[in-house]
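Residues 1 to 360 (the UniProt record's numbering) make up the sequence shown, in order. Cβ atoms here follow ideal geometry from the backbone N, Cα and C, with glycine treated the same way.
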Amino acid sequence: MSNPSSADGLPPQSALFATASIEWQTLALTTVIYGGFLAVTWFWQSLPLVAVVALGGWLIGWHGSLQHEVIHGHPTRNRFINDAIGWPPLSLWLPYAIYRDGHLLHHRDEHLTDPIEDPESSYFTQAAWERMGRVGKMVAAWNMTLLGRLTIGPFVMIFSFLAQELAIVLKGDQQRAALWARHAIGVTFVLIWVVYVCKMPPWLYLFGFVYLGAALSRLRSYAEHRYADHHDERTAVVENSPLFGLLFLYNNLHILHHKRAGLPWYRIPRLYRRHRKELLGINGGLVYDGYLDVARRFFLKSHDDPCHPAHRQSSTPTDAEAAGSEFMRSDTDSIGRYAHAQHSASSRGWLISTDAQETS
């Protein structure tokens, strides 16, 4: 007897998820990631520098993919255990709880790419765009190319996120301050291990691990979403990418993730192959033949117009945008204006891609 299909032609949610209370594949992956992190940081002086950087960047990017998996209810049925797996702040800059809450908002698919409603949108409202200086607009335009997203993209993402979070804390949000205090404790333990126990120079960890890991996450998120009139056609697929597919835990097959967000990573490729025709029908054929295809199209070319089509008319700023303009009146740095505009365009106050989390 064949499995029933839902309205979108895919198996229903209830037919996809294993009844096992523990996903051993994901627990094994967790062991590899954290064990690999401890091993590379401990033995870094015995390894070639290029190997340390390659492994470090990969592990931070992989850890972001694991956090994304945990956010969607894996590898156990116990949220406390899952959150404990995802909580260690190896990337230093992004608290897991903020990533979790923002990413779940991103999964309201009817709002995908909207800079007001989607915390992971890389678009601007027209009002936010017009408040940016010339240099800020140049940075924004460069960040819409793949080369820009991989080079300055991590800086823009991290700087803008931290600037907005600082503004929230300084306004007296006690819950946010407590969240950051807990995060700081975790960061302290990570740095004690890396810098004092393993004797790794801070610059090597920041650039070879954290920045490179963020760049890999930005590669994943770069072409994931693009505005279209129908929300299902805003989510892409990057096929034929076994290496990056493993790094991203097959989140490159992104339309399937958005249609069946609770599907564990190790079941995604097979289900995608089985239902490829239906999935590409759902997303309007928005598919790339590997990340080299993405690079061929967008290496020096903008992925889309920075201003969201639904917000290209100048209008009265939202409360969040008004708050952002207060910040920017005292900020003479156009890059700072650009970074803050990304956040002030979102009424949620978050811009994370990992996303990343282009961070998942």
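Residue i lies in the alpha helix (DSSP H); which residues open and close that run?
| i | result |
| --- | --- |
| V194 | Where V194 is concerned, there is no enclosing alpha helix (DSSP H), given that its DSSP letter is neither H nor E. |
| Y34 | W24 to W42 |
| G172 | G172 -> no alpha helix (DSSP H), and no H or E assigned at all. |
| residue 364 | An answer regarding residue 364 cannot be provided, because it is not within the stretch 1 to 360 covered by the chain. |
| K259 | H254 to K259 |
| L86 | Before going further, note that residue 86 is Gly rather than Leu in the sequence given. First-last of the alpha helix (DSSP H) with G86: R79 to G86. |
| L246 | P242 to L247 |
Comparing alpha-carbon positions, which option in the options lies nearest residue i?
| i | options | result |
| --- | --- | --- |
| S302 | D118, I85, L279 and W142 | W142 |
| T41 | L219, Q313 and C198 | C198 |
| Y123 | G285, R312, R79 and P306 | P306 |
| L92 | R220, R218 and R182 | R182 |
| H111 | D232, V237 and H275 | D232 |
| L206 | L191, P269 and D109 | L191 |
| A54 | G73, A84, L212 and V238 | L212 |
| G290 | H275, Y227, H230 and N240 | N240 |
| V156 | G284, A140, G262 and H275 | A140 |
| F298 | L263, T235, L219 and L253 | L219 |
| I268 | N283, I168, N251 and W193 | N251 |
| R260 | H107, L59, P75 and L179 | H107 |
| I255 | F244, R270 and H225 | H225 |
| V32 | D304, A178, I60 and I158 | I60 |
| L90 | L104, I81 and W58 | W58 |
| D101 | P88, T113 and D118 | D118 |
| A228 | A177, P12 and H308 | H308 |
| L105 | Y288, E120 and I85 | E120 |
| G281 | L263, A236 and E23 | A236 |
| L204 | P12, I22, A51 and W24 | A51 |
| Q25 | Y96, D304, R270 and Y266 | Y266 |
| A223 | L166, D293 and L162 | D293 |
| V238 | Y96, L286 and H258 | L286 |
| G262 | R77, G35, W62 and G56 | R77 |
| residue 361 | H74, S65 and W44 | Nothing can be reported for residue 361: it is not among the residues displayed for the chain, which extend from 1 to 360. |
| H257 | Y34, F37 and S65 | S65 |
How should residue i be labelled, buried or exposed, when 16 other C-beta atoms within 10 angstroms of its C-beta is the threshold for buried?
| i | result |
| --- | --- |
| A215 | buried |
| S46 | exposed |
| T188 | exposed |
| E321 | Because the pLDDT of E321 is 43, which lies under 50, any placement of that residue in the model is unreliable, and the number read from its coordinates should be weighed accordingly. Counting Cβ neighbours within 10 Å, E321 comes out buried, since at least 16 surround it. |
| L170 | exposed |
| G9 | exposed |
| T30 | buried |
| S221 | buried |
| P279 | The question names Pro, but residue 279 is Leu in the sequence shown. When all chains shown are included, L279 counts as buried. |
| N39 | Sequence check: residue 39 is Ala here, not Asn. The residue is exposed, with fewer than 16 neighbouring Cβ atoms inside 10 Å. |
| Y196 | exposed |
| S217 | buried |
| E69 | buried |
| Q313 | exposed |
| L150 | buried |
| L243 | exposed |
| R234 | buried |
| F80 | exposed |
| F209 | buried |
| I185 | exposed |
| P48 | exposed |
| L300 | exposed |
| Q67 | buried |
| Q175 | exposed |
| A128 | buried |
| F161 | buried |
| H230 | exposed |
| G172 | exposed |
Based on the DSSP secondary-structure assignment, which residues constitute the bridge partners of residue i?
| i | result |
| --- | --- |
| E278 | According to DSSP, E278 bridges with nothing at all. |
| T235 | H225 |
Kindly indicate the opening and closing residues of the beta strand (DSSP E) around residue i.
| i | result |
| --- | --- |
| D289 | V287 to D289 |
Please indicate yes or no: does the CB of residue i lie closer than 7 Å to some heavy atom of the ligand NAD?
| i | result |
| --- | --- |
| P11 | As far as ligands go, the structure on display features none, and thus does not contain the ligand NAD. |
Fully enclosed by the segment 94-156, which alpha helix (DSSP H) runs are 4 residues long or longer?
96-106, 126-130, 134-143 and 146-151
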